[in-house]
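So the sequence lines, in the order shown, correspond to chains A and B.
One point on numbering: in our numbering, the residue at position 226 of the first sequence is 226, and numbering is uninterrupted.
If you want our numbering, it's the position in the second sequence, counting the first as 1, plus 1000.
Virtual Cβ for every residue (Gly too), placed ideally from N, Cα, C.
Take a look at the structure set out below.
2 protein chains.
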Amino acid sequence: MSRKPNLKDVAKVAGVSAITVSRVLTDPTKVSDKLRNKVEQAVRETGYIRNHAASALASSRSGVIAVIIPSLSNIVFNEVLQGIYQTARPNNLQVVLGDCHYSPLEEEKLIATLLGQSPEGIILTGAAQTDYARKLLERADIPVVQLMELTDQPIDMNIGFSHFHAGYDMTKHLLQRGYRTPGFIGARMDPRTQQRLAGFRQALADWPQPCQSFVQTTTQPSSARLGGQLLQALIAESAGKCDAVFCCNDDLALGALFEAQKMNLAVPGDIAICGFNDLESSSLVNPSITSVASARFDMGKQAVEMLLAAAGKPRKSIAPIDVGYQIIARRST
Amino acid sequence: MSRKPNLKDVAKVAGVSAITVSRVLTDPTKVSDKLRNKVEQAVRETGYIRNHAASALASSRSGVIAVIIPSLSNIVFNEVLQGIYQTARPNNLQVVLGDCHYSPLEEEKLIATLLGQSPEGIILTGAAQTDYARKLLERADIPVVQLMELTDQPIDMNIGFSHFHAGYDMTKHLLQRGYRTPGFIGARMDPRTQQRLAGFRQALADWPQPCQSFVQTTTQPSSARLGGQLLQALIAESAGKCDAVFCCNDDLALGALFEAQKMNLAVPGDIAICGFNDLESSSLVNPSITSVASARFDMGKQAVEMLLAAAGKPRKSIAPIDVGYQIIARRST
DNA sequence: TTGAAAGCGCTAACAT
DNA sequence: ATGTTAGCGCTTTCAA
């Protein structure tokens, strides 16, 4: 046999009709044990694999969900992806994934491309979609989940947490620990990073005594190396007065810590350091780094579950789901 | 019109036949300017989006490639994925991704599932596929690339480097630096990790003087935390005699370093540490960690290019491509 | 350059 | 519980 086997081939081998084979594959309980065994045997024998395109065309169910993340290299999204993939698989959903490199325009193009796969739902990161992207999504009329942050104007469903409040609380943590001239270092400066910075500023504004503060940001991609550089810039800018650094993520925080050690600055004695995302390393370095934890795996999982729950049903407006966050105080502050 | 527009609808609006619309979408040069303009106008007017499933079924070209990696959480594969996605997109290829959690059986199931998408090629990690998986792949008759490691019995194409030789060279590096009682710590113990360990053992066997060595491994997933635990176990096993540790990857190495610092062991004075994969942190910690670098992004990129080059052509046996590796000696050894 | 007809492989809907 | 029939929406093939 040279040609790839199709349903009819399997049916012939099993001595049944094509639809029976189809039923065994789709819902085995609809077929008697006897025939089911025959069919399963025939499937194995022929190495049959169902043609997804034909199945999708005939049933108008693609079994696909689309997912767009801003970065494949940021481990944060990997944990979300794990939640997504692990929930999608047992539900027989294929994931088609796009990386929009933090660009709403790239995201728009990706949405257009991915919608061509007739996904049964789509998961997006953040809420910075272009108007045209929103239009495309509305026309597609499929469930949409916006992930990671909370938004007032969701396209459809929304799950995440407030980066503003997390940034606010982290800054308050620094102030409460007695640091009075805190700095903020940020890379990439995507919307969520900006919200963290806004939280930082608001917390300072709300503090009873006025505090001097310093901010160093760049739109360059985040990395530990950059964390070191930004720390240097911050210390230079503040002429050494800065006594604490809020790093917009843990990569930066780790780099800042290593750099501080190279500069013979005691952490937290000379300078406190805190990060965001609570990566594993942050709890293992010396000193361990204070950070913000959030349920990333769970967000991915829930996003898929929300799509599943919404499938087929008429769209009803669901309140955004706030999964919250947690300040994990450690030795670095 | 409430129903989603199809080719015929667009054709009617444009006053042409369906096939003409199809041609405008696929290869506009095949249609006269006059009709092409009419059609393009009609497409915009109707908001038409081509049905991928029908297109794939009729043309038997899915525009999809399948990729299976052992882990979404291991940053190493993310870099490979970036190479894959960044090469796939400009070539109008969709990637369908599967995570087999280092299990050949899960991989087999994933292959079966992903082949259902009629991918035009498939990229696999490693060479530990089950017999049935290999049968499925042969039957599918599409280009296959096995990635990351080199194998004598490739299914089709192969690109990677020798983990055995890398492990061998790294161990030789330790011996040449004067360490005589080296240890190896390994987690997960997937085939590539085992090859690194085999290289470690061979290097010791080949060394002119006999050396005592220690090995601590676990099949648990790798993590920095585990690196610390394995280091403790190694030191206990060797009663402190161990003077160098070859960690099977950089996560373990970082954890081992942090643990050594907590134990007040000088690195590399009391104990040398080296890792594998050359993650960014390895170059930034104090002391920086010796590691093995390889061209992961490039491997992903090349794998897609190999699929593209092989598409359609009769399968000819191509020699495995060795992308090599590099020992990056740093202060930790 | 354009179109008409004939499926691609599967499943929904309708028998039996 | 099983089978028959008729498409799903597109592209291939062949004809004009």
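| field | Residues within the stretch 1173-1203 of chain B neighbouring chain A, beta-carbon criterion of under 8 angstroms | value | Taking 8 angstroms as the Cβ-Cβ cut-off against chain A, none of the residues of the stretch 1173-1203 of chain B qualify.
| task | Can you grab the Cα-Cα spacing for the pair alanine 1011(B) / valine 1021(B), in whole Å? | result | Counted from its first residue, the second sequence places residue 1011(B) at position 11. Counted from its first residue, the second sequence places residue 1021(B) at position 21. Roughly 6 angstroms separates the two Cα atoms.
| field | Between the CA atoms of proline 143(A) and proline 314(A) - distance to the nearest angstrom | value | The residue given as residue 314(A) occupies position 314 in the first sequence. The residue given as residue 143(A) occupies position 143 in the first sequence. Straight-line measurement puts the Cα of proline 143(A) at about 10 angstroms from the Cα of proline 314(A).
| task | Mind listing the chain A neighbours of tyrosine 1085(B)? Cutoff is C-beta to C-beta under 9 angstroms, in chain order. | result | Position 85 of the second sequence, counting from 1, holds the residue named residue 1085(B). Neighbours of tyrosine 1085(B) on chain A, chain order: Leu72, Leu97, Gly98 and Asp99.
| request: List the residues of chain B whose Cβ lies closer than 7 angstroms to the Cβ of arginine 225(A), in chain order. | output: The count along the first sequence starts at 1 and reaches residue 225(A) at position 225. By Cβ distance, chain B contributes Glu1280 and Leu1284.
| Buried or exposed: which applies to glutamate 1259(B), given that a residue is buried once 16 or more other Cβ atoms fall within 10 Å of its Cβ? | To locate residue 1259(B), count along the second sequence from 1; it is residue 259. Flag for glutamate 1259(B) reads buried.
| message | Is there a C-beta anywhere in chain B that falls below 8 angstroms from the one on lysine 8(A)? | response | What you label residue 8(A) is simply residue 8 of the first sequence in a count that begins at 1. With 8 angstroms as the cut-off, lysine 8(A) does not count as an interface residue toward chain B.
| task | With DSSP as the reference, please indicate the residues paired to phenylalanine 1184(B) in a beta bridge. | result | Your numbering for residue 1184(B) matches position 184 in the second sequence. Note: phenylalanine 1184(B) is bridge-paired with Val1215(B) and Phe1246(B) in the DSSP secondary-structure output.
| query | So which residues of chain B does asparagine 51(A) contact, with C-beta pairs closer than 8 angstroms? | reply | Start at 1 with the first residue of the first sequence, and residue 51(A) comes out as number 51. Counting only Cβ-Cβ distances below 8 angstroms, asparagine 51(A) has contacts in chain B at Leu1057, Gly1116 and Ser1118, in chain order.
| message | Could you check whether the stretch 1315-1327 of chain B touches the stretch 1155-1164 of chain B, counting it as contact only if at least three pairs of C-beta atoms, one from each stretch, sit closer than 8 angstroms? | response | Contact between the stretch 1315-1327 of chain B and the stretch 1155-1164 of chain B is present, because at least three Cβ pairs lie under 8 angstroms.
| So which residues of chain B does leucine 81(A) contact, with C-beta pairs closer than 7 angstroms? | Your numbering for residue 81(A) matches position 81 in the first sequence. Listed along chain B, the residues sitting closer than 7 angstroms to leucine 81(A) by beta-carbon distance are Leu1072.
| request: Within the same chain, show all residues whose beta-carbon is closer than 6 angstroms to that of tryptophan 207(A), passing over the 5 residues directly before and after it, in chain order. | output: The residue labelled residue 207(A) in the question sits at position 207 within the first sequence. The beta carbon of tryptophan 207(A) lies closer than 6 angstroms to those of Leu175 in the same chain, with the five residues before and after it left out.
| field | Which of helix, strand or coil DSSP assigns to glutamine 1146(B) | value | Sequence index remark: in the second sequence, residue 1146(B) carries index 146 (1-based). In the structure shown, glutamine 1146(B) sits in a strand (DSSP, three-state: E or B).
| query | From phenylalanine 1214(B) to proline 1287(B), what distance separates their C-alpha atoms? | reply | Numbered from 1 along the second sequence, position 214 holds the residue referred to as residue 1214(B). Numbered from 1 along the second sequence, position 287 holds the residue referred to as residue 1287(B). Cα to Cα, the separation comes out at about 23 angstroms.
| task | Could you tell me the distance, in whole angstroms, from the CA atom of leucine 1308(B) to the CA atom of glutamate 1138(B)? | result | Numbered from 1 along the second sequence, position 308 holds the residue referred to as residue 1308(B). Numbered from 1 along the second sequence, position 138 holds the residue referred to as residue 1138(B). When rounded, the distance between both Cα atoms is 18 angstroms.
| task | Output, in chain order, the set of chain B residues within a Cβ distance shorter than 7 angstroms of alanine 261(A). | result | The residue labelled residue 261(A) in the question sits at position 261 within the first sequence. Note that residue 261(A) is glutamine in the sequence shown, not alanine. The contacting residues are Asn1286.
| query | Are the beta-carbon atoms of leucine 1226(B) and leucine 1252(B) separated by less than 8 angstroms? | reply | Indexing the second sequence from 1 puts residue 1226(B) at position 226. Indexing the second sequence from 1 puts residue 1252(B) at position 252. Annotated as proximal: leucine 1226(B) and leucine 1252(B), with beta-carbon spacing under 8 angstroms.
| message | Quick check: is the beta carbon of glycine 1047(B) nearer than 8 angstroms to any beta carbon in chain A? | response | For the purposes of this step, residue 1047(B) is taken as the residue at position 47 of the second sequence. Yes, glycine 1047(B) counts as interfacial toward chain A.
| request: For arginine 3(A), count neighbouring Cβ atoms within 10 angstroms of its own Cβ and tell me buried if that reaches 16, exposed if not. | output: Within the first sequence, the letter at position 3 stands for residue 3(A). Classification for arginine 3(A): exposed.
| Any Cβ of chain A within less than 8 angstroms of the Cβ of asparagine 1091(B)? | Locating residue 1091(B) in the second sequence gives position 91, where the first residue counts as 1. At a cut-off of 8 angstroms, the C-beta of asparagine 1091(B) has no neighbouring C-beta in chain A.
| request: Identify every run of the beta strand (DSSP E) within the stretch 1227-1313 of chain B, keeping only runs that are complete inside it and at least 3 residues long; order them along the chain. | output: Segments of the beta strand (DSSP E) lying fully in the stretch 1227-1313 of chain B: 1244-1247, 1272-1274 and 1291-1293.
| Is there contact here, the stretch 1050-1064 of chain B with the stretch 53-66 of chain A, by at least three beta-carbon pairs under 8 angstroms? | The stretch 1050-1064 of chain B, when compared against the stretch 53-66 of chain A, does touch it at the 8 angstroms Cβ threshold.
| request: Look at methionine 1299(B) and glycine 1083(B) and say whether their C-beta atoms are less than 8 angstroms apart. | output: What you label residue 1299(B) is simply residue 299 of the second sequence in a count that begins at 1. What you label residue 1083(B) is simply residue 83 of the second sequence in a count that begins at 1. In contact: methionine 1299(B) and glycine 1083(B) (Cβ atoms closer than 8 angstroms).
| query | At least one CB of chain B closer than 8 angstroms to the CB of glycine 240(A): is that the case? | reply | Residue mapping note: residue 240(A) aligns to position 240 of the first sequence, counting from 1. Judged by the 8 angstroms Cβ criterion, glycine 240(A) is not in contact with chain B.
| Of the listed residues Phe184(A), Ala310(A), Ser238(A) and Phe297(A), nearest to phenylalanine 276(A) (C-alpha basis) | For this step, residue 276(A) is matched to residue 276 along the first sequence. Among Phe184(A), Ala310(A), Ser238(A) and Phe297(A), the Cα nearest to that of phenylalanine 276(A) is on Phe184(A).
| request: Assign glutamate 45(A) to one of two classes, buried (16 or more other C-beta atoms within 10 Å of its C-beta) or exposed (fewer than that). | output: On the first sequence, residue 45(A) is found 45 positions in, with the first residue counted as 1. Burial check for glutamate 45(A): the Cβ neighbour count within 10 Å stays below 16, so the residue is exposed.
| task | Can you give me the Cβ contacts of aspartate 169(A) inside the same chain, cut-off strictly under 6 angstroms, excluding the 5 residues immediately before and after it? | result | The residue you call residue 169(A) lines up with position 169 of the first sequence. The residues are Ile327.
| request: Starting from asparagine 1078(B), find everything on chain A with Cβ-Cβ shorter than 7 angstroms and list it in chain order. | output: For this step, residue 1078(B) is matched to residue 78 along the second sequence. For asparagine 1078(B), the chain A residues whose Cβ falls inside 7 angstroms of its Cβ are Leu72, Ser73 and Asn78, in order along the chain.
| query | Taking Cβ-Cβ distances shorter than 9 angstroms, what residues in chain B pair up with leucine 308(A)? | reply | What you label residue 308(A) is simply residue 308 of the first sequence in a count that begins at 1. When 9 angstroms is used as the limit between beta carbons, leucine 308(A) is near no residue of chain B, the shortest such separation being about 18 angstroms.
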